[in-house]
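Undergrad: I'd like to ask you about the structure that follows.
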Amino acid sequence: MHVPARRLAVVPIAALAVLTAVPTQAHAADAALSAKLASVLRDPRVTASRNGTLVVDAASGSDLHIRNSALSLMPASNMKLVTSAASLRTLGASYTFKTEAIARAGKRADGSVPSSVYLKGYGDPTVLDTDLRALAQNLRGRGVTRFTGNLVADASFFDSVRYNPGWSSDDASEYYAPQISGLTMAPNADFDAGTIIVNTYRNGSGTKLTVSPSTATGYVRLVNKVKQGSATSIKASRAAGTNTITVTGTIARTATTGAKKWVTVNRPDLLAAHVFRAELARAGISVAGGTVSGTTPSTSRVIVATDYSPALSTVTRSFLKLSNNAIGEHLIKTMGARSGGAGTTAKGAAYLRSTLTAAKAPLSGVVIQDGSGLSRANRMTPRALTRVLRYAQTQPWSSTYRSALPLAGNPDRMTGGTLRTRMVGTAAANKVSAKTGSLTGVTALSGYAQGADGRQYIFSMLSTYSRTSPRPVEDRVAITLASHRR
């Protein structure tokens, strides 16, 4: 998930002068390549920014080109490179999340269960309405027709800090900044956990709104202020602390399909419980009590139905290809839960640091505020990122990691990912696997490149700018590496 540009970070000119005064160093390992890169990086869009760039030989780890490699900069979504490496190292590529439906009493002859039904999450960001339907059908297959107690939403696997304090409150209804909960669900196979999709349609001379999944109807309140017009332009925002979503704008009078907007929800755990209740009813199971939040007792678990997520290797692909912030935050808290108690971002960050240490990455200048890179308090260096990328090459999960990165110029969404429209038709197309990063005034690209002679490179380029984005120069660096023949 990339964040739309809204707030501009202004970099003092004096600071730029100091930072850009660091000399570019040529290395005997490949002086010709270093000279090419130096020429590319003399671009004014780079020299006017705070930029750190490092290129190393993937096989030996030797530096091939250095420009402020120890400079501590906002990594944006390049933070996901560290989070994904840490989660694969800590949890394992075959790790699966789970969600449980639990009753504390057995079924009576009439199909009733004298118990509440507990929906307990274990941080799974991939739960869909179909998964909750399967849980309900599992219970119905056991002959259950009624629970006499409440439906209890248990999100206690994580702490109760659902919105990262390092994120701007202005982003709270935006799909890329969802609330993070031990119990959650997603509206789609991209695993945009903690959100719903609002659909806008023409309806006669007016408009109508629906939500996906349809079973979320009633959990959110939609305020329709959309009119028909000459073009489609829809906005949706959720009032802070509520589930009131106001939809404004226009839908084209000639539109034949609906317009979609992703919006976060307040209390994703209660949304999951709301949808589960609807799926229980669809399966022919009633719940006598209300829907409440709570904690599942650790004893007397008589009936347990369990849903498992895809393997982490699959989840990592969605995480990196699509730059999915929600997955990153669920991963960091899931790692945090391994040390006991509720998972927190702070405890999870310790696993990211231990991975950096295992990769022999210098920790000076590293600040970890979240797992996705959305926080502007995060800091990383090109040196640290290249060390993580090289470390990943030596691990059992190396192929999972590299193949999950966006592939430059490949038009397939789940192959090219966030690089599918970049470097198209160049030497870098299908030769550069890298993670993009974007915040207002921040751009980043780090990953692997294969040269024209088959030589493998690792590179990282981080930039903070106040005027013109150096992003096109990132592409030129990658193309230079992919086209180089020693």
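Taking numbering that gives the first Met the number 0, I'd label the letters of the sequence shown as residues 0 to 485. Heads up, the beta-carbon is just placed ideally off N, CA and C, and yes, glycines get one too. Keep in mind it's a predicted model, so treat the numbers as computed, not measured.
Any beta carbon from chain B within less than 8 Å of residue 88's own beta carbon?
TA: Considering every chain present, this structure includes no chain B. It has just one protein chain.
Undergrad: Based on the DSSP secondary-structure assignment, which residues constitute the bridge partners of residue 224?
TA: Answer is 247, bridged to residue 224.
Undergrad: Under a Cβ-count criterion, where at least 16 other Cβ atoms within 10 Å of its own Cβ denotes burial, should residue 307 be classed as buried or exposed?
TA: Answer is exposed; the Cβ neighbour count stays below 16.
Undergrad: By the 10 Å Cβ neighbour count, where 16 or more other Cβ atoms means buried, how is residue 316 classified, buried or exposed?
TA: Classification of residue 316: buried, given that the 10 Å Cβ count is 16 or more.
Undergrad: Quick check: the region 76-89 against the region 466-475, are there 3 or more CB pairs under 8 Å?
TA: The region 76-89 is not in contact with the region 466-475.
Undergrad: Can you give the Cα-Cα distance for residue 33 and residue 448, rounded to whole angstroms?
TA: Whole-angstrom Cα-Cα distance: 15 Å.
Undergrad: For residue 478, which of 456, 465, 463 and 468 has the nearest alpha-carbon?
TA: Closest by alpha carbon: 456.
Undergrad: If you pair each beta-carbon of the region 286-298 with each one of the region 136-149, do three or more pairs fall below 8 Å?
TA: Cβ pair count under 8 Å is three or more, so yes.
Undergrad: Tell me which residues share the same chain as residue 252 and place their Cβ nearer than 6 Å to its Cβ, disregarding the 5 neighbours each side in the sequence.
TA: 227.
Undergrad: Are the Cβ atoms of residue 268 and residue 154 separated by less than 8 Å?
TA: In contact: residue 268 and residue 154 (Cβ atoms closer than 8 Å).
Undergrad: By the 10 Å Cβ neighbour count, where 16 or more other Cβ atoms means buried, how is residue 487 classified, buried or exposed?
TA: The structure shown does not extend to residue 487, since the chain is modelled only from 0 to 485, so the question has no answer here.
Undergrad: Give every residue of the same chain whose Cβ lies closer than 6 Å to the Cβ of residue 89, excluding the five residues on either side of it in the sequence, and list them in chain order.
TA: These residues qualify, in order along the chain: 334 and 350.
Undergrad: Tell me whether residue 365 sits in a helix, a strand or coil according to DSSP, three-state version.
TA: Coil.
Undergrad: Closer than 6 Å by C-beta to residue 64: which residues in its own chain qualify, once you throw out the five before and the five after it? Chain order, please.
TA: So the qualifying residues of the chain are 33, 36 and 54.
Undergrad: Would you grab the beta carbon distance between residue 301 and residue 105 for me? Rounded to a whole angstrom, and I think it's under 8 Å.
TA: Contact holds; Cβ gap of about 5 Å.
Undergrad: As a quick exercise: from 402, 201, 120 and 353, pick the residue whose alpha carbon is nearest that of residue 386.
TA: Of the candidates 402, 201, 120 and 353, the one whose C-alpha sits nearest the C-alpha of residue 386 is 353.
Undergrad: How many Å lie between residue 256 and residue 204 at the Cα?
TA: Cα to Cα, residue 256 sits roughly 15 Å from residue 204.
Undergrad: Using a Cβ distance threshold of 8 Å, determine whether the region 116-133 contacts the region 433-442, with at least three qualifying pairs required.
TA: The region 116-133, when compared against the region 433-442, does not touch it at the 8 Å Cβ threshold.
Undergrad: For residue 125, name the three-state secondary structure that DSSP assigns.
TA: Reduced to three states, the DSSP call for residue 125 is coil.
Undergrad: Hey, out of 60, 86 and 30, whose CA is closest to residue 318's CA?
TA: Of the candidates 60, 86 and 30, the one whose C-alpha sits nearest the C-alpha of residue 318 is 86.
Undergrad: Between residue 110 and residue 140, is the Cβ-Cβ spacing less than 8 Å?
TA: It is not a contact, given that the beta carbons lie outside the stated cut-off.
Undergrad: Run through DSSP, which three-state label would residue 347 get?
TA: Here residue 347 sits in helix by DSSP.
Undergrad: Kindly confirm or deny that the region 182-191 and the region 110-123 touch, where touching means at least three C-beta pairs closer than 8 Å.
TA: Counting Cβ pairs under 8 Å, three or more are found: they touch.
Undergrad: Between the alpha carbons of residue 102 and residue 144, how many angstroms are there, rounded?
TA: Computed Cα separation, rounded: 13 Å.
Undergrad: Tell me whether residue 179 sits in a helix, a strand or coil according to DSSP, three-state version.
TA: Residue 179 falls in the coil class under three-state DSSP.
Undergrad: Could you tell me which of 451, 405 and 382 sits nearest to residue 72, measuring between CA atoms?
TA: With distances taken between Cα atoms, residue 72 lies closest to 382.
Undergrad: So, with DSSP's three-state summary, where would you put residue 456?
TA: Of the three classes helix, strand and coil, the one that applies to residue 456 here is strand, per DSSP.
Undergrad: Just to confirm before moving on: does the CB-CB distance between residue 272 and residue 231 stay below 8 Å?
TA: In this structure, residue 231 does not lie closer than 8 Å to residue 272 by Cβ.
Undergrad: Mind checking residue 24: buried by the 16 CB within 10 Å criterion, or exposed?
TA: The predicted model places residue 24 with a pLDDT of 44, which falls under 50 and marks its position as unreliable, so this point remains unresolved.
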